[in-house]
Structures are given as C-alpha cells and as structure tokens.
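Worksheet: one structure, shown below.
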C-alpha cells in the first residue's frame, strides 16, 4: 500500500466474517478494549479501492492467524448499515456516523486453534450457532449468525 493510500481516518466500510464449521459451530472473539463483548471477525477496509475479499483475508489473518484462502469463503450478499457507536466515532472523519458492513461466511472443516491478536482480543471460543448468536453484542453479528443454518442448505 502506498503511503498516500493510508487513511488518516477509518473508512466507514467494513466486513463481518462468520467463521463456522459444517456442524454450525461459530468462532467468537472477546474484544480487548471491551471485555465481555464477543464478536465475529470484523474490520474496516484499509483503502477505498481495497477489494472486500482482500479485507476479509487480511482481517481473518490478523485476528485469528488463519489463511482464509485455504477455506471456503462466501460473500453472503448481505449488507448492513448501522450507526457508529459514539465512543468510536473519533476514529472516523468528522461528520461520519454510519458504517456499511458486508457479511461473509468462512467454512472450516472443524473448530481449529486460533492465534488471537492480543492487542485486539482477550480470547476465543467455538460455540453452537444459537449460543454464539446470543453472546454477540452486535445486532448485525447476531442476525448474521442466526442466518447460518439457512446459508448451509
């Protein structure tokens, strides 16, 4: 990435990656900056022209140590827009209050060991999809996990 492409502010376009197994176990990560807040892999684009699939692969690698290219990655064609929490708005350009999130699924053959990024996460857990959906603090993350059984039909 060229220095001129590095944003001063976060880009309000992100990915949400539901990492799961064929038997519907879902990976959740506990946020380091908010203990008790559990989520799937998520992250913003690094450049406006960064392809979403590249954002997914980068974020999965950074947050789990997994190479998303080695597994079945699916763009769910699902987009959510939500208001950025006020305590995180300082990361975005002045006046930016809405983020657009693109949902992807990453199918792994079984629950795999994860290498978390300690700066970002405190731990991880594999849970059945229903329990994982209940544990998520984000409504869009919980909604995506609840769609998982239909996505695998």
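Numbering (this note's numbering), first residue to last: 90 to 242.
Where is the CB? At the ideal position from N, CA and C, for every residue including glycine.
Note that the structure is a prediction, hence the values are computed from the model and not measured.
Residues of its chain near residue i, where Cβ-Cβ distance is below 7 Å and the 5 sequence neighbours each way are ignored
i, result
"residue 90", "Here residue 90 scores only 48 on pLDDT, less than 50, and its place in the model should not be relied on; the value that follows carries that caveat. Only 135, 136 meet the Cβ criterion."
"residue 242", "none"
"residue 221", "115, 117, 234"
"residue 206", "151, 152"
"residue 122", "none"
Opening and closing residue of the beta strand (DSSP E) in which residue i lies
i, result
"residue 217", "210-217"
"residue 104", "102-109"
"residue 186", "Element bounds for residue 186: n/a, residue is neither H nor E."
"residue 98", "Counting along the chain, residue 98 falls outside any beta strand (DSSP E), and DSSP gives it neither H nor E."
"residue 113", "No beta strand (DSSP E) contains residue 113, which DSSP labels as neither H nor E."
"residue 166", "161-172"
Residue i - DSSP class collapsed to helix/strand/coil
i, result
"residue 234", "helix"
"residue 229", "helix"
"residue 133", "strand"
"residue 240", "helix"
Same chain, Cβ closer than 6 Å to residue i, five either side skipped, listed in chain order
i, result
"residue 164", "193"
Integer Cβ distance of residue i from residue j, believed to fall under 8 Å
i, j, result
"residue 131", "residue 155", "Their Cβ separation, rounded to whole angstroms, is 15 Å, which puts residue 131 and residue 155 out of contact at 8 Å."
"residue 152", "residue 209", "6 Å"
"residue 215", "residue 202", "Going by Cβ atoms, the distance from residue 215 to residue 202 rounds to 10 Å, so no, they are not a contact pair."
Outcome for residue i when other beta-carbon atoms lying within 10 angstroms are tallied against a minimum of 16
i, result
"residue 145", "buried"
"residue 190", "buried"
"residue 218", "buried"
"residue 115", "buried"
"residue 228", "exposed"
"residue 224", "buried"
"residue 239", "exposed"
"residue 128", "buried"
Own chain residues within Cβ distance below 8 Å of residue i, not counting five before or after
i, result
"residue 185", "98, 101, 173, 178"
"residue 149", "106, 108, 130, 155, 156, 157, 195"
"residue 167", "191, 192, 233, 236"
"residue 212", "118, 119, 205"
"residue 103", "131, 132, 133, 134, 144, 188, 189, 190, 191"
Residue i: first and last residue of the uninterrupted alpha helix (DSSP H) it sits in
i, result
"residue 141", "141-153"
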